[in-house]
Amino acid sequence: MPNGSIYVPPDDKFKWGSPSVMFELRWRETRSERRRRRNIMAGAGFVLITALAFYRSFPVPFLIGILGGAGVWGVDAFISWRMFEATAVWRGKRSGAVRTGKLLRRGLTKHGYRVLDGRAVPGKASIDHLVIGPGGIWILDNEAWPPDTHIAAYGGKLFFGERSGVTVSKPLVEAAASMAGLLSKETGIPIEISPLLVVHGGRVNGPAVSAEGLTLFLPRRASKWILGDAHAELTDEQVEVLARTAARILRRML
625 MPNGSIYVPP
635 DDKFKWGSPS
645 VMFELRWRET
655 RSERRRRRNI
665 MAGAGFVLIT
675 ALAFYRSFPV
685 PFLIGILGGA
695 GVWGVDAFIS
705 WRMFEATAVW
715 RGKRSGAVRT
725 GKLLRRGLTK
735 HGYRVLDGRA
745 VPGKASIDHL
755 VIGPGGIWIL
765 DNEAWPPDTH
775 IAAYGGKLFF
785 GERSGVTVSK
795 PLVEAAASMA
805 GLLSKETGIP
815 IEISPLLVVH
825 GGRVNGPAVS
835 AEGLTLFLPR
845 RASKWILGDA
855 HAELTDEQVE
865 VLARTAARIL
875 RRML
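Numbering (the working numbering), first residue to last: 625 to 878.
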């Protein structure tokens, strides 16, 4: 029987499901298992903390045990929720560009940086964010990967799991070069632009991964990385000129 089994009946909910849909279905199906495990952990926590309270002669040991068990239950529930929320962009429930844009403005605006969202060199590259500030200029794009994808660099090459990352890095490196050339020509200010990739999901090997001219990291590290990656010394006037020029000549993506 091609693409199937004569022993296992087909399950329609997985037949046409994408990996993200299958992941979400599996997560919801195992909800009762997670709750049962959480209740067992909370019960064990109650017993151990109550016993410790008796041993230490604390007042109202049973109340302390109840509070401790509830704390264990709450911590496990929070961790479980965070793990699921980390896949929201990959599952299409949230916009990675919107999340990164908010984090960039929150972390960089007070340091004199400008953030332009959704810009493109006419007829060429498009990117999610252009950051211009005293320390230089960066472009950032957003990509989502399954939670079990290992992102790392080996021998100067970028890999997403077992797949080469050249198809991801090359367009961003070329976009940075195109935008740098265009802005330098229009403003008369010689600049270089560093390409960055914000990864939503997956397992990044270390705080950041750099290979093939591209640096990758999780969203929460974006602002900190840019502040520590100064590669120019731009005055306030130059930042203003570059930001105004970029807003004028770079096509805004809808």
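C-beta: ideal position from N, C-alpha, C; glycine also.
Among the options, which residue has its Cα nearest to the Cα of residue i?
{"i": "residue 845", "options": "727, 721, 674", "result": "727"}
{"i": "residue 762", "options": "647, 665, 840", "result": "840"}
{"i": "residue 906", "options": "751, 707, 861", "result": "Any property of residue 906 remains undetermined from this structure, which presents the chain solely from 625 to 878."}
{"i": "residue 883", "options": "864, 842, 876, 863", "result": "There is no way to answer for residue 883, as the model of the chain reaches only from 625 to 878."}
{"i": "residue 819", "options": "755, 859, 651, 785", "result": "755"}
{"i": "residue 693", "options": "678, 651, 672", "result": "672"}
{"i": "residue 715", "options": "648, 677, 796", "result": "648"}
{"i": "residue 875", "options": "665, 740, 668", "result": "740"}
{"i": "residue 785", "options": "665, 735, 826", "result": "826"}
{"i": "residue 831", "options": "848, 817, 816, 815", "result": "848"}
{"i": "residue 774", "options": "833, 696, 689", "result": "833"}
{"i": "residue 883", "options": "811, 668, 766", "result": "Within the shown structure, residues of the chain are numbered from 625 to 878, placing residue 883 beyond reach of any answer."}
{"i": "residue 881", "options": "873, 656, 658, 654", "result": "Outside the displayed span of the chain (625 to 878) sits residue 881, for which this structure offers no information."}
{"i": "residue 749", "options": "764, 737, 758", "result": "764"}
{"i": "residue 659", "options": "701, 689, 746, 669", "result": "701"}
Under 6 Å Cβ to Cβ from residue i, same chain only, skipping five residues before and after it: list those, please.
{"i": "residue 824", "result": "713, 720, 768"}
{"i": "residue 836", "result": "782, 793"}
{"i": "residue 626", "result": "Note that residue 626 scores 39 on pLDDT, short of 50, meaning its location in the model is unreliable and no value can be drawn from it."}
{"i": "residue 666", "result": "693, 696, 697"}
{"i": "residue 879", "result": "Here the chain comprises residues numbered 625 to 878, so residue 879 is not present and cannot be evaluated."}
Counting along the chain, where does the beta strand (DSSP E) carrying residue i start and finish?
{"i": "residue 738", "result": "738-744"}
{"i": "residue 819", "result": "817-824"}
{"i": "residue 782", "result": "781-784"}
{"i": "residue 857", "result": "Here residue 857 belongs to no beta strand (DSSP E), and DSSP marks it neither H nor E."}
{"i": "residue 767", "result": "760-768"}
{"i": "residue 833", "result": "833-835"}
{"i": "residue 839", "result": "838-841"}
Kindly indicate the opening and closing residues of the alpha helix (DSSP H) around residue i.
{"i": "residue 725", "result": "720-732"}
{"i": "residue 644", "result": "643-653"}
{"i": "residue 749", "result": "It is not in any alpha helix (DSSP H) - residue 749 carries neither H nor E in the DSSP assignment."}
Less than 7 Å between C-beta atoms, sequence neighbours within five positions excluded: which residues of the same chain meet that for residue i?
{"i": "residue 868", "result": "none"}
{"i": "residue 863", "result": "736, 738, 756, 757, 758"}
{"i": "residue 817", "result": "761, 762, 763, 800, 803, 804"}
{"i": "residue 644", "result": "714, 715, 716"}
Using a Cβ-Cβ cutoff of less than 8 Å, which residues in the same chain neighbour residue i once the five nearest sequence positions on both sides are dropped?
{"i": "residue 745", "result": "799, 802, 803, 806, 874, 875"}
- Query: Quick one: complete beta strand (DSSP E) runs, 3+ long, within the stretch 671-711?
  - Reply: none
- Message: Within 8 Å, do at least three Cβ pairs link the stretch 722-738 to the stretch 678-686?
- Response: no
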